[in-house]
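J.: I'd like to ask some things about the structure below.
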Amino acid sequence: QDSSIFFAFAPLGYVLSILLLLFTFIFGATIRGSARWIMLGTFQLQTGELAKPLLILAFAYFLEKYPPRSVRHLLLNFALFLLPTWLIFQQPDLGTALVITTIWGLQLFLAGVSWWVVGITGAFSALTLRFLPQLLRPYQLDRLRSFLDPYHDPLGAGYNVIQSIIAIGSGGLWGKGLGHGTQSHLRFLPERHTDFAFASLAEELGLLGSLVVILILGALLFRLLTVLTHAPSSRTRIILAGVFASLFFQSVINIGMNLGVAPVTGVTLPLISYGGSSILAVSLTLGIALSVIRTSNSGRSLLEIK
Numbered sequence: 075q076d077s078s079i080f081f082a083f084a085p086l087g088y089v090l091s092i093l094l095l096l097f098t099f100i101f102g103a104t105i106r107g108s109a110r111w112i113m114l115g116t117f118q119l120q121t122g123e124l125a126k127p128l129l130i131l132a133f134a135y136f137l138e139k140y141p142p143r144s145v146r147h148l149l150l151n152f153a154l155f156l157l158p159t160w161l162i163f164q165q166p167d168l169g170t171a172l173v174i175t176t177i178w179g180l181q182l183f184l185a186g187v188s189w190w191v192v193g194i195t196g197a198f199s200a201l202t203l204r205f206l207p208q209l210l211r212p213y214q215l216d217r218l219r220s221f222l223d224p225y226h227d228p229l230g231a232g233y234n235v236i237q238s239i240i241a242i243g244s245g246g247l248w249g250k251g252l253g254h255g256t257q258s259h260l261r262f263l264p265e266r267h268t269d270f271a272f273a274s275l276a277e278e279l280g281l282l283g284s285l286v287v288i289l290i291l292g293a294l295l296f297r298l299l300t301v302l303t304h305a306p307s308s309r310t311r312i313i314l315a316g317v318f319a320s321l322f323f324q325s326v327i328n329i330g331m332n333l334g335v336a337p338v339t340g341v342t343l344p345l346i347s348y349g350g351s352s353i354l355a356v357s358l359t360l361g362i363a364l365s366v367i368r369t370s371n372s373g374r375s376l377l378e379i380k
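Residue numbers for the sequence shown follow the numbering used here, so the first one is 75 and each next one is one higher.
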């Protein structure tokens, strides 16, 4: 059966992700106020990034083994989702926690959860917004305020967004040319290789270059969605849904925060942003997708779907 090899190791992957997150929670290296990394010699491993592909498989495994059609199984799946998400949120890493939540949410929906659960979840999410100021850290609240009005604190919380918008706007239609971006290379634009890589790229390649990048990412996501809808088994569909949710959410949020239309969360842009942990996580995620869709239960390659 397709993806049986992955499923054999899915529970082990879940345990591994929990152990890595616990180790990071206790012994993680603190950089810029967040303990998200484990130091492996000169390499910094961001465990939340590595957890994403592992949890895509693990959530799919648990949703198949314990279908969320009963309250008992639903609560069990929720607990299995909540543990790693809470550990990531406490690092603190709101962006990765939101990615994990999106992955699980779409997988849960495709696993056949009842509509009343969807309604209760929506109501609970709306209620959570009321207590958002109590749940977020001070710097996260500052980022939310800067999203609503970046010029309220232009030299503080709003600085990154303002510089990103300036960089994108200064690129014009054709851009300044590769290696000639002033906002990025003169270091006005923070995190130009990671969180704001899209703004750096837009400054150098302009609107046309930015649209090419967006179209490439869009084509990848559209192809993944097409294959997902033709998947012959629930297992394959749920795994691919997790991959799609991860890549789609990261792409939309990262580009959105570069444009100032989404809060700054530290989510990287798949295949574009620099960073060993991010590249490793995206590579594993795409590798899972390619391996799962290569052969379906019927023996016909899903890659042949037009």
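Yeah, the Cβ is synthetic: ideal placement off N, Cα and C, and Gly gets one too.
No experiment lies behind these values; they were computed from the predicted model shown.
(1) Starting from the Cα of residue 220, find the closest Cα among 84, 301, 184, 332 and give me that residue.
(2) By the 10 Å Cβ neighbour count, where 16 or more other Cβ atoms means buried, how is residue 208 classified, buried or exposed?
(3) Based on the DSSP output, what are the partners of residue 22 in its beta bridges?
(4) Would you say residue 272 and residue 328 are within 8 Å of each other, going by their C-beta atoms?
(5) Out of 175, 81, 144, state which residue places its alpha-carbon closest to the alpha-carbon of residue 126.
(6) Is the distance from the Cβ of residue 295 to the Cβ of residue 321 below 8 Å?
(7) On the criterion of 16 or more Cβ atoms from any shown chain inside 10 Å, does residue 343 qualify as buried, or is it exposed?
(8) So does the region 215 to 232 actually touch the region 175 to 185, counting three or more Cβ pairs closer than 8 Å?
(9) Between which two residues does the beta strand (DSSP E) holding residue 272 run?
(10) Looking at the structure shown, is residue 114 part of a helix, part of a strand, or coil, going by DSSP?
(11) Count the other C-beta atoms from every protein chain shown that fall within 10 angstroms of the C-beta of residue 105, then say buried if there are 16 or more, exposed otherwise.
(12) Looking at the structure shown, is residue 237 part of a helix, part of a strand, or coil, going by DSSP?
(13) May I have the straight-line CA-CA distance separating residue 287 from residue 258, to the nearest angstrom?
(14) Give the straight-line distance between the Cα atoms of residue 100 and residue 155, rounded to the nearest whole angstrom.
(15) Apart from the five residues just before and just after residue 325, which ones in its own chain have a Cβ nearer than 8 Å to its Cβ?
(16) Measure the C-alpha to C-alpha separation of residue 124 and residue 149 and round it to an integer number of angstroms.
T.: So, to answer that:
(1) Against the sequence shown, residue 220 aligns to sequence position 146. With distances taken between Cα atoms, residue 220 lies closest to 332.
(2) Here residue 208 corresponds to residue number 134 of the sequence shown, with the count starting at 1. It counts as exposed.
(3) Residue 22 is absent from the structure shown; the chain starts at 75 and stops at 380.
(4) In the sequence shown, counting from the first residue as 1, residue 272 sits at position 198. In the sequence shown, counting from the first residue as 1, residue 328 sits at position 254. Result yes, Cβ atoms of residue 272 and residue 328 sit closer than 8 Å.
(5) Translated into positions along the sequence shown, residue 126 becomes position 52. Nearest of 175, 81, 144 to residue 126, Cα basis: 175.
(6) For the purposes of this step, residue 295 is taken as residue 221 along the sequence shown, with counting starting at 1. For the purposes of this step, residue 321 is taken as residue 247 along the sequence shown, with counting starting at 1. Yes.
(7) Stepping through the sequence shown from its first residue, residue 343 is reached at position 269. It is buried - the Cβ of residue 343 has at least 16 other Cβ atoms within 10 Å.
(8) no
(9) In the sequence shown, counting from the first residue as 1, residue 272 sits at position 198. Premise fails: residue 272 lies in the alpha helix (DSSP H), 271 to 303, not in any beta strand (DSSP E).
(10) The sequence position of residue 114 within the sequence shown is 40, counting from 1. The answer is strand: DSSP assigns residue 114 an E or B state.
(11) Walking along the sequence shown from the start, residue 105 turns up at place 31. Label assigned to residue 105: exposed.
(12) Mapped onto the sequence shown, residue 237 falls at position 163. If DSSP states are grouped into helix, strand and coil, residue 237 belongs with the helices.
(13) Counted from its first residue, the sequence shown places residue 287 at position 213. Counted from its first residue, the sequence shown places residue 258 at position 184. Each residue's alpha carbon lies about 18 Å from the other.
(14) Here residue 100 refers to the residue found at position 26 of the sequence shown. Here residue 155 refers to the residue found at position 81 of the sequence shown. The alpha-carbon atoms of residue 100 and residue 155 are separated by roughly 20 Å.
(15) Within the sequence shown, numbered from 1, the residue matching residue 325 stands at position 251. Around residue 325: 291, 295, 343, 344.
(16) Against the sequence shown, residue 124 aligns to sequence position 50. Against the sequence shown, residue 149 aligns to sequence position 75. Their Cα atoms are separated by approximately 25 Å.
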